[in-house]
Each structure stands twice: as structure tokens, then as C-alpha cells.
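Per my numbering, the very first residue in the sequence shown carries number 8; after that it's consecutive.
Glycine included, every Cβ here is placed at the ideal spot set by N, Cα and C.
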Amino acid sequence: MAIQWTEALAVGIDDIDTQHKELFRQADRLLEASQKGIGMEELNRTLTFLGKYVIDHFGTEERYMDRFDYPAARIHKKEHADFVAEFVKTKEKIDREGASLAVLFQMQKRIVEWLNNHIRKEDKALGVYLKTKLVTTHR
Ligand SMILES: [Fe+2]
8 MAIQWTEALA VGIDDIDTQH KELFRQADRL LEASQKGIGM EELNRTLTFL GKYVIDHFGT
68 EERYMDRFDY PAARIHKKEH ADFVAEFVKT KEKIDREGAS LAVLFQMQKR IVEWLNNHIR
128 KEDKALGVYL KTKLVTTHR
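As C-alpha cells, then:
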């Protein structure tokens, strides 16, 4: 099952869209890695990279929110924080118990579902808001 970013997920802010595409690529790699039965070391690298990338990416969005006084920032940031907490918890479980195919599959499914919902609602709303601000700022 290949996972792909599609135009339907476009937020309209270039760096945010680029990062979303990379997140989907990483989530796809995670499943591919688990299906190929790769070693724990590589799996850990993928998971660590994904974890860091998610945090960097949320940072990008949150800097936009702060810079342009985004009214829904509190709710949006809470969604980010909740997702990071969930990710960390799952990663710890994998570190403790090892990664079964079932656990990886669940994790990847959850990441993709979360991204799909979050991008379609919160990130798109942020994109619409930022576009109005960016247009006025750059004129
Ligand atoms: Fe977001």
C-alpha cells in the first residue's frame, strides 16, 4: 500500500506543503521498511527521523501562527502536542517491546489518518488565513 500526498491536501503555503509531502514519504517508508523485514537499527533510524521531522514541521506551522496572530492557534497547537505525545508513547513501546509488523502497521495507519484529518481541517484553515495575511504583508 503506497501512501501519497495528493493535491486535495494542498494548504497553499509552499514550505508547509513541501513538509507534508515529506511526512507522507516517511510514513510510506515506515511501512515499506516493516514489510521488508529490515533490522531494528534501520527501523529506529526511520522512526527517529520521522519523530524529529514531525516536531520541526509543527514548529514551522506554529511560527507562522505566532507571526500572524492566528486566532485558532491554541487549538491547533494542542493537536500538535497531543500527536507528539502519542508518537513518543508508541516509540517508547516499540523500544521496550520491539516492533512487530502489527504494531508498525497500526502506527503507520494512525500517522496517515491523523495527517489526513489534521491537514484537511486545521492546516487548510491555517493556509487560508495565512494567504490573506501574506498577500497583504508582501504588497
Ligand atoms: Fe498543523
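Taking Cβ positions, are residue i and residue j nearer each other than 7 Å?
i: Leu137; j: Ile20; result: yes
i: Ala34; j: Ile126; result: no
i: Leu37; j: Gln113; result: no
i: Glu69; j: Lys84; result: yes
Taking the alpha helix (DSSP H) that residue i belongs to, which residues open and close that run?
i: Trp121; result: Leu108 to His125
i: Phe65; result: Met47 to Arg74
i: Lys96; result: Ala80 to Glu104
I need the DSSP call for residue i, collapsed to helix, strand or coil.
i: Val135; result: helix
i: Ala17; result: coil
i: Gln11; result: coil
i: Asp24; result: helix
i: Arg146; result: Since pLDDT at Arg146 reaches only 48, below the 50 mark, its modelled position is unreliable, and no value is offered.
i: Leu141; result: helix
i: Lys43; result: coil
i: Lys128; result: helix
Pull up the CB-CB distance for residue i and residue j, whole angstroms please, since I reckon it's below 8 Å.
i: Gly105; j: Ile23; result: About 35 Å separates the two Cβ atoms, so there is no contact after all.
i: Leu30; j: Tyr71; result: Their Cβ separation, rounded to whole angstroms, is 17 Å, which puts Leu30 and Tyr71 out of contact at 8 Å.
i: Val18; j: Asp130; result: 5 Å
The segment 94-109 in contact with the segment 74-85 per 3-pair CB rule at 8 Å: They do not touch, by the three-pair rule.
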